[in-house]
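To start, the structure under review is shown below, and the notes come after it.
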Amino acid sequence: MAWVNAVIQGILTGGLYALFACGLSLLFGVMKVVNLAHGDLATVAGYVGVGIVAATHMPFLWSVPLVVLVMAVLGYALQRTVIQAAISRGELTTLIVTFGLSIVIENGLLQFFTSNTRGQAIGDSFTTASFSIGSQIQIAWLNVFIFVLAVVVLLALQYFLSGSKYGRLIRAVADDREAAQLSGADYRHVFGIAAAIAFGTVALAGMSYGLTTTIDPTTGTDTILLFAFAAVVIGGLGSLWGTLLGGIILGVAQQIGAQINISYEQLGGYVIFLLVLVVWPQGLTSRRAQS
Amino acid sequence: MTAMAEGTVRSGQNELKVTRSRRNVAWSGLGAIVVIVVLFLFPYYIGPGTLGIMVQALIVLTLASMWNLLAGYAGLVSVGQQAFFGLGAYFVLIPAMHGISPWLGLPIAAIAAAACALPLWWLVSRLRTGYFAIATWVLASAVMLVIEQIQSIGGGTGMPLPGLTGMDPAVLTADTYWAGLTVAVLAIGSVYFLLRSRVGLVLTAIRDDERAARSSGVRVGRARLLVFIVAAGGCGAAGGVLAIQQLQVVPGTSGGVFSVQWTAEMAFAVIIGGIGTIEGPILGTAVYMVLQQTLQSYNAWYLIALGLVAISIALFARRGLWGTLDEKLNIRLFPTGYYLWGPGERRGRRRKAAHAE
Numbered sequence: 001m002a003w004v005n006a007v008i009q010g011i012l013t014g015g016l017y018a019l020f021a022c023g024l025s026l027l028f029g030v031m032k033v034v035n036l037a038h039g040d041l042a043t044v045a046g047y048v049g050v051g052i053v054a055a056t057h058m059p060f061l062w063s064v065p066l067v068v069l070v071m072a073v074l075g076y077a078l079q080r081t082v083i084q085a086a087i088s089r090g091e092l093t094t095l096i097v098t099f100g101l102s103i104v105i106e107n108g109l110l111q112f113f114t115s116n117t118r119g120q121a122i123g124d125s126f127t128t129a130s131f132s133i134g135s136q137i138q139i140a141w142l143n144v145f146i147f148v149l150a151v152v153v154l155l156a157l158q159y160f161l162s163g164s165k166y167g168r169l170i171r172a173v174a175d176d177r178e179a180a181q182l183s184g185a186d187y188r189h190v191f192g193i194a195a196a197i198a199f200g201t202v203a204l205a206g207m208s209y210g211l212t213t214t215i216d217p218t219t220g221t222d223t224i225l226l227f228a229f230a231a232v233v234i235g236g237l238g239s240l241w242g243t244l245l246g247g248i249i250l251g252v253a254q255q256i257g258a259q260i261n262i263s264y265e266q267l268g269g270y271v272i273f274l275l276v277l278v279v280w281p282q283g284l285t286s287r288r289a290q291s
Numbered sequence: 001m002t003a004m005a006e007g008t009v010r011s012g013q014n015e016l017k018v019t020r021s022r023r024n025v026a027w028s029g030l031g032a033i034v035v036i037v038v039l040f041l042f043p044y045y046i047g048p049g050t051l052g053i054m055v056q057a058l059i060v061l062t063l064a065s066m067w068n069l070l071a072g073y074a075g076l077v078s079v080g081q082q083a084f085f086g087l088g089a090y091f092v093l094i095p096a097m098h099g100i101s102p103w104l105g106l107p108i109a110a111i112a113a114a115a116c117a118l119p120l121w122w123l124v125s126r127l128r129t130g131y132f133a134i135a136t137w138v139l140a141s142a143v144m145l146v147i148e149q150i151q152s153i154g155g156g157t158g159m160p161l162p163g164l165t166g167m168d169p170a171v172l173t174a175d176t177y178w179a180g181l182t183v184a185v186l187a188i189g190s191v192y193f194l195l196r197s198r199v200g201l202v203l204t205a206i207r208d209d210e211r212a213a214r215s216s217g218v219r220v221g222r223a224r225l226l227v228f229i230v231a232a233g234g235c236g237a238a239g240g241v242l243a244i245q246q247l248q249v250v251p252g253t254s255g256g257v258f259s260v261q262w263t264a265e266m267a268f269a270v271i272i273g274g275i276g277t278i279e280g281p282i283l284g285t286a287v288y289m290v291l292q293q294t295l296q297s298y299n300a301w302y303l304i305a306l307g308l309v310a311i312s313i314a315l316f317a318r319r320g321l322w323g324t325l326d327e328k329l330n331i332r333l334f335p336t337g338y339y340l341w342g343p344g345e346r347r348g349r350r351r352k353a354a355h356a357e
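Chains as they are written, first to last, in this note's numbering: chain A, 1 to 291; chain B, 1 to 357.
The following block contains the structure:
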């Protein structure tokens, strides 16, 4: 029964990891940028959320759209300035600039907020409520909520990319930038929109993570970036639903690792990650595998 | 072309000559020896406090030279070099626990870290650029988690380094400095000679056009593997020096040997100094030390400043400080390319000529 519980908890955590990963996946898919500052930006969103709630005393749920909006604007601005400048100078520059941002943000948070951990103060009723199946399996409503949120975000992204005007523009620019430009698309603006959406999901990821546990300045790289990347690699590049699958596999592997020995939680996830890297380097649901 | 033809006629020579440098290399070689001798004599003249800072600089210099070899010459942007740095520290600690002198542990650390690079390379070799970068980061995290599980070498809390207790602190500091200097000189020397060898030509070919190099039969994978192993060995030796300087090994990502800050420091020093040149990391380390010493009383601010400077240089002066200097003055202290002399052109004669590197 303990093992069943581990699998169920792992699947639910997988939703959170998919939420971590979809912004990373989107930026890579559209502009071939591997954003090494991804995790730290999620942490920033978490801190902004804590700050807004503490300053204005507004209910936590109201602050969510506000933080998403703030991060989306930040994403658009960063893309149009620093990231776009880096992209036009090549891959090495892009990596250096996003890695630099990551280190600057992490140490900036450390400087202003110290290394103390912080959590979202939203009241006990929501974060600790749970229901049980049988005697040994207890499921937190919060984890179910985050899983559903992840699925909704992925559905919305898919609908947006395949159905809407801007989504089609984004895919056109991702497929062939020159051709899209010749047809009148301003690729810089399109990149900005894609970055705004990616940063919006990053904000949701950071705030959700802040609800499940506490955050500190190193959370961004130690946890969010590396887990997001592992989920993307396991699931396969460029596939939104692959990202969910990757997140779930990572979550289950971690919970099974923790079931064997509590200190094997992270290692369990990395073992699966390395296994996939060796056996299916394209990921489980890559386009090449499907075709 | 006409200018060259005229030159040929005037001097009566018509064969082309290829040398390593436009200037005479003997002078910069002599300069390097003088600098090393002066650095070697430092402990006789300066106090242990300054010497400790110098050891730190030598560690960063070694790391930066290795990262420059990886990213600047082989196109391998690794964000996981802290794995080898940390392993190096542990490979000094483990022999020391069995009675082997930590000084002897340094070569052991270099070889063992290089040996660890082999299986890790197999895991990441298929990945490119950004994915290679994060994958090495994940590997470094996994290596740390494994090391922290081994209780006999201190688990998650770390261990003091045995074998050097009872030494006079002044002597120990001087010895550590000499060890760090030896490691740094060997690191820069091996990068220099590696780049002048056939491997250097292979790397240049890959950098210019990987597909063309591949189709001409260049073994791209093997050259990259060699660079990855050498860089791991160098970072391992640097980690060993840190273990000796701190007289302890502490794992962990914040402040420990597996912190990504080590990779940040080496990468930023390379970018600031000038990537793809041997002189760049040296200049970059100097800038790093100045920033670090100026801002050291403000905790993490030096890393923030370093990161911002590196971002601006990556965006606005891509060749770094040394590259910008080189563009204006055309100097090479460590010539690894080739210079094509036009017919009749001689050293010392000032004229415009094609630059082939």
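Ideal Cβ positions, reconstructed from N, Cα and C, are used throughout, including at glycine.
Within 8 angstroms, strictly: CB atoms of residue i and residue j
i: Ala114 of chain B; j: Leu242 of chain B; result: no
i: Phe191 of chain A; j: Met31 of chain A; result: yes
i: Ala253 of chain A; j: Gly268 of chain A; result: yes
i: Ala310 of chain B; j: Gly206 of chain A; result: no
i: Ser65 of chain B; j: Pro281 of chain B; result: yes
i: Gly307 of chain B; j: Val104 of chain A; result: yes
i: Tyr76 of chain A; j: Ala198 of chain A; result: no
i: Thr165 of chain B; j: Gly52 of chain B; result: no
i: Leu154 of chain A; j: Ala18 of chain A; result: yes
Any C-beta of chain B under 8 angstroms from that of residue i
i: Gly108 of chain A; result: yes
i: Gly100 of chain A; result: yes
i: Arg171 of chain A; result: no
i: Asp40 of chain A; result: no
i: Val276 of chain A; result: no
i: Gln266 of chain A; result: yes
i: Tyr47 of chain A; result: no
i: Ser96 of chain A; result: For the sequence presented, residue 96 of chain A should be read as Ile rather than Ser. Yes - at least one Cβ of chain B is within 8 angstroms of the one on Ile96 of chain A.
i: Gln111 of chain A; result: yes
i: Gln290 of chain A; result: Note that Gln290 of chain A scores 39 on pLDDT, short of 50, meaning its location in the model is unreliable and no value can be drawn from it.
i: Tyr270 of chain A; result: yes
Supposed close pair residue i, residue j - CB separation, criterion 8 angstroms
i: Trp322 of chain B; j: Leu63 of chain B; result: Not a contact, Cβ separation roughly 17 angstroms.
i: Gly51 of chain A; j: Ile215 of chain A; result: Contact doesn't hold; Cβ gap of about 12 angstroms is too wide.
i: Pro169 of chain B; j: Pro48 of chain B; result: 7 angstroms
i: Ile8 of chain A; j: Ile96 of chain A; result: Wrong, their Cβ atoms sit about 42 angstroms apart, outside the cutoff.
i: Ala150 of chain A; j: Gly15 of chain A; result: 4 angstroms
i: Ala6 of chain A; j: Gln255 of chain A; result: 4 angstroms
i: Val79 of chain B; j: Trp137 of chain B; result: 4 angstroms
i: Gly233 of chain B; j: Val92 of chain B; result: Contact flag wrong, Cβ pair sits at about 13 angstroms.
Any chain A beta carbon closer than 8 angstroms to residue i
i: Thr324 of chain B; result: no
i: Ser254 of chain B; result: yes
i: Gly234 of chain B; result: no
i: Asn68 of chain B; result: no
i: Leu321 of chain B; result: no
i: Ala64 of chain B; result: no
i: Tyr73 of chain B; result: no
Which of helix, strand or coil DSSP assigns to residue i
i: Leu12 of chain A; result: helix
i: Met289 of chain B; result: helix
i: Leu36 of chain A; result: coil
i: Ile46 of chain B; result: coil
i: His355 of chain B; result: Note that His355 of chain B scores 47 on pLDDT, short of 50, meaning its location in the model is unreliable; the coordinates nonetheless yield the value given after this. In this structure, His355 of chain B counts as coil in the three-state DSSP scheme.
i: Gln248 of chain B; result: strand
i: Trp137 of chain B; result: helix
i: Met167 of chain B; result: coil
i: Ile133 of chain A; result: strand
i: Gln290 of chain A; result: Residue confidence is low: Gln290 of chain A scores 39 on pLDDT, short of 50, so the model does not pin down where it sits. Its coordinate-derived value is still stated next. Reduced to three states, the DSSP call for Gln290 of chain A is helix.
i: Leu295 of chain B; result: coil
i: Arg211 of chain B; result: helix
i: Arg318 of chain B; result: coil
i: Trp341 of chain B; result: strand
Near the ligand FMN: residue i beta-carbon under 7 angstroms from a heavy atom
i: Ser162 of chain A; result: Among the components of this structure there are no ligands whatsoever, and the ligand FMN is therefore not found.
CB contact below 8 angstroms: residue i versus chain D
i: Tyr338 of chain B; result: Among the chains of the structure shown, chain D does not appear; the protein chains present are A and B.
Check distances from the C-beta atoms of the stretch 227-240 of chain A to those of chain B and list, in chain order, the residues that come in under 7 angstroms. Listed in sequence order: Phe229 and Ala230.
The stretch 79-107 of chain B: which residues have C-beta closer than 8 angstroms to a C-beta of chain A, in chain order? Val79
By the 9 angstroms beta-carbon criterion, what residues does the stretch 138-151 of chain B contribute toward chain A? Closer than 9 angstroms at the C-beta level to chain A, one finds these residues of the stretch 138-151 of chain B: Val138, Leu139, Ser141, Ala142, Leu145, Val146, Glu148 and Gln149.
Which residues of the stretch 81-94 of chain A have a Cβ closer than 9 angstroms to any Cβ of chain B? Give them in chain order. The stretch 81-94 of chain A vs chain B, Cβ under 9 angstroms: Val82, Ala85, Ala86, Arg89, Gly90, Glu91, Leu92, Thr93 and Thr94.
Counting only Cβ-Cβ distances shorter than 7 angstroms, please list the residues of the stretch 273-307 of chain B near chain A, keeping chain order. Asn299, Ala300, Trp301, Leu303, Ile304 and Gly307
Any residues in the stretch 206-222 of chain A with a beta carbon nearer than 7 angstroms to a beta carbon of chain B? Which ones, in chain order? For the stretch 206-222 of chain A, which is checked against every Cβ of chain B, the residues closer than 7 angstroms are Thr218, Thr221 and Asp222.
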